[in-house]
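Chemist: Below: one structure in structure tokens.
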Amino acid sequence: MIIHTDTHIWYAIKEGKHQELFDLGVRPNYLNYFEINSSLKMIHDLDKLKVATINLIKFLDVAIKYTPFEFLIKESKNIDVANAYREDLFNSYESLGENIEIFKYIKTIDPDILKKFILEDRNTFIETAKTFSIFLNGLKNEKKTIPVQFFYHMFDIACKKDCKYPLPIEFYDKELFIKVLSEYTNDFILGNKKTVKKNDWIDLLNMAYVDKGDLYWVKETQWLEYIDRANLKHYLFDGDKYLIEGY
Numbered sequence: 002m003i004i005h006t007d008t009h010i011w012y013a014i015k016e017g018k019h020q021e022l023f024d025l026g027v028r029p030n031y032l033n034y035f036e037i038n039s040s041l042k043m044i045h046d047l048d049k050l051k052v053a054t055i056n057l058i059k060f061l062d063v064a065i066k067y068t069p070f071e072f073l074i075k076e077s078k079n080i081d082v083a084n085a086y087r088e089d090l091f092n093s094y095e096s097l098g099e100n101i102e103i104f105k106y107i108k109t110i111d112p113d114i115l116k117k118f119i120l121e122d123r124n125t126f127i128e129t130a131k132t133f134s135i136f137l138n139g140l141k142n143e144k145k146t147i148p149v150q151f152f153y154h155m156f157d158i159a160c161k162k163d164c165k166y167p168l169p170i171e172f173y174d175k176e177l178f179i180k181v182l183s184e185y186t187n188d189f190i191l192g193n194k195k196t197v198k199k200n201d202w203i204d205l206l207n208m209a210y211v212d213k214g215d216l217y218w219v220k221e222t223q224w225l226e227y228i229d230r231a232n233l234k235h236y237l238f239d240g241d242k243y244l245i246e247g248y
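Start counting at 1 in the sequence shown, then tack on 1, and there's your number in our numbering.
Structure follows, in structure tokens:
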């Protein structure tokens, strides 16, 4: 059994709990590392970002180092897909791990460099979310096929329509992902939701790593409510005792 995590969990893990969580089966994935690497906390709350980064470095050896699309392809087709950006991302974390003591004592980073680096990524998130909002608001029929359409639309955008991945990607056995995705897209059909928040699509894809028998560790109210609506609370991992008080 693997315990998969929402990225926000890594900001709040108590000191000294890493081995216990490792033994329980906690395994971070590519999206966790990607989100921390492009977090605005690098500008506004460097200390908090350092905590999350150091936590993730401690789990590098057991991390799932595939994007969600690559992970689904590997599981369903047993094909490894090369990805230079992904490899560079993990190489940077490994280099940071080799210089962890220096990293711990960094007090500031040039804000101009950070803003250029981070805000470019965040602006991409925002523009992508707008694209998804337009797409979902335009889908009013064929309720059963909308989650599938949205999945492939996410795939197209994430890959910038230039991926050499074998299609179709199979994900129908990913119960948590497909049912939460269905609940989420249904809110657009019913008019309950009009806007995809900038991180929603990443949070949704994060659930694509979860297989039946695995657990998912998340604290964000929106996703807890969707999981409850989908009658999938048995997927949730209660890890409050491993998190800093008040998180």
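For every residue, glycine included, the Cβ atom is placed at its ideal position computed from N, Cα and C.
1. Just reading off the beta strand (DSSP E) that I10 is part of, what are its end residues?
2. According to DSSP, is I65 helix, strand or coil?
3. Say whether chain B places a C-beta atom closer than 8 Å to the C-beta of I245.
4. Applying the criterion that 16 or more other CB atoms from any shown protein chain within 10 Å of the CB defines a buried residue, is G240 buried or exposed?
5. According to the Cβ coordinates, are L237 and I245 closer than 8 Å?
6. Helix, strand or coil for N187? Go by DSSP, reduced to three states.
7. Would you grab the beta carbon distance between Y217 and H5 for me? Rounded to a whole angstrom, and I think it's under 8 Å.
8. On the three-state DSSP scale, how would you describe V197?
9. Taking 8 Å as the cut-off, decide whether the C-beta atoms of Y34 and L50 are in contact.
10. For L47 versus G98, is the C-beta distance shorter than 8 Å?
11. Inspect the CB distances between the stretch 6-25 and the stretch 181-188 and report whether three or more fall short of 8 Å.
12. Please report the residue range of the beta strand (DSSP E) in which I170 lies.
13. Tell me the residue span of the beta strand (DSSP E) that contains I245.
14. What are the partner residues of N30, as DSSP defines its beta bridges?
15. Buried or exposed: where does L32 fall if 16 or more other Cβ atoms within 10 Å of its Cβ makes it buried?
16. Sort out for me which residues DSSP pairs W218 with in a bridge.
17. Return helix, strand or coil for L237, following the three-state DSSP convention.
18. Can you tell which of D89, T132 and K175 has the C-alpha that lies nearest to the C-alpha of V149?
19. Please report how far the alpha carbon of Y248 lies from the alpha carbon of A13, in whole angstroms.
20. Near I37, which residues of its chain fall below 8 Å by C-beta distance, leaving aside the five closest residues on each side in sequence?
21. From T186 to K75, what distance separates their C-alpha atoms?
22. Taking I190 as the reference, give the member of I135, L205, L233 and V63 with the closest Cα.
23. Use the C-beta contact count for T196: other C-beta atoms within 10 angstroms, 16 or more gives buried, fewer gives exposed.
24. Alpha carbon to alpha carbon, how far is S96 from G70? Give it in angstroms, no decimals.
25. Label V63 either buried or exposed according to how many other C-beta atoms from any shown protein chain fall within 10 Å of its C-beta, with 16 as the threshold for buried.
Modeler: So, from the data block:
1. Position 9 of the sequence shown, counted from the start, is the residue given in the question as residue 10. It is not in any beta strand (DSSP E) - I10 carries neither H nor E in the DSSP assignment.
2. Numbered from its first residue, the sequence shown carries residue 65 at position 64. I65 falls in the strand class under three-state DSSP.
3. The chain labelled as chain B is not found in the depicted structure, where only one protein chain is given.
4. Numbered from its first residue, the sequence shown carries residue 240 at position 239. Flag for G240 reads buried.
5. In the sequence shown, residue 237 corresponds to position 236, counting from 1. In the sequence shown, residue 245 corresponds to position 244, counting from 1. No, the pair does not count as a contact, with Cβ atoms beyond the cut-off.
6. Position 186 of the sequence shown, counted from the first residue, corresponds to residue 187. N187 falls in the helix class under three-state DSSP.
7. What you label residue 217 is simply residue 216 of the sequence shown in a count that begins at 1. What you label residue 5 is simply residue 4 of the sequence shown in a count that begins at 1. About 5 Å; that satisfies the 8 Å criterion.
8. Within the sequence shown, the letter at position 196 stands for residue 197. Looking at V197 - three-state DSSP - the assignment turns out to be coil, as it is neither helix nor strand.
9. Counted from its first residue, the sequence shown places residue 34 at position 33. Counted from its first residue, the sequence shown places residue 50 at position 49. No, they are not a contact pair.
10. The residue labelled residue 47 in the question sits at position 46 within the sequence shown. The residue labelled residue 98 in the question sits at position 97 within the sequence shown. Not a contact, by the Cβ cut-off of 8 Å.
11. no
12. For the purposes of this step, residue 170 is identified with residue 169 of the sequence shown, where counting begins at 1. First-last for I170: undefined, no H or E at that position.
13. Taking the sequence shown and counting its residues from 1, the one referred to as residue 245 is at position 244. Premise fails: I245 is in no beta strand (DSSP E) and is neither H nor E.
14. As a position in the sequence shown, residue 30 is number 29, starting the count at 1. Note: N30 sits in a beta bridge opposite I65.
15. Residue numbering aside, residue 32 sits at position 31 when the sequence shown is read from its first letter. With 16 or more other Cβ atoms within 10 Å, it is buried.
16. By one-based count along the sequence shown, residue 218 stands at place 217. Paired residues: T6.
17. For the purposes of this step, residue 237 is taken as the residue at position 236 of the sequence shown. Reduced to three states, the DSSP call for L237 is strand.
18. Walking along the sequence shown from the start, residue 149 turns up at place 148. For V149, the nearest C-alpha among the options comes from K175.
19. As a first step, residue 248 is located in the sequence shown; it is residue number 247 there, counting from the start. As a first step, residue 13 is located in the sequence shown; it is residue number 12 there, counting from the start. Cα to Cα, Y248 sits roughly 7 Å from A13.
20. Counting from 1 along the sequence shown, the entry for residue 37 is found at position 36. The residues are T8, W11, L50, A53, T54 and L57.
21. By 1-based counting over the sequence shown, the position of residue 186 is 185. By 1-based counting over the sequence shown, the position of residue 75 is 74. Near 26 Å, if we compare the C-alpha coordinates of K75 and T186.
22. Against the sequence shown, residue 190 aligns to sequence position 189. Considering only alpha carbons, the answer is I135.
23. Numbered from its first residue, the sequence shown carries residue 196 at position 195. Answer is exposed; the Cβ neighbour count stays below 16.
24. In the sequence shown, the residue the question calls residue 70 occupies position 69. In the sequence shown, the residue the question calls residue 96 occupies position 95. The displayed chain sequence assigns Phe, not Gly, to residue 70. Straight-line Cα distance between these residues: approximately 26 Å.
25. If you number the sequence shown from 1, residue 63 lands on position 62. Result: exposed.
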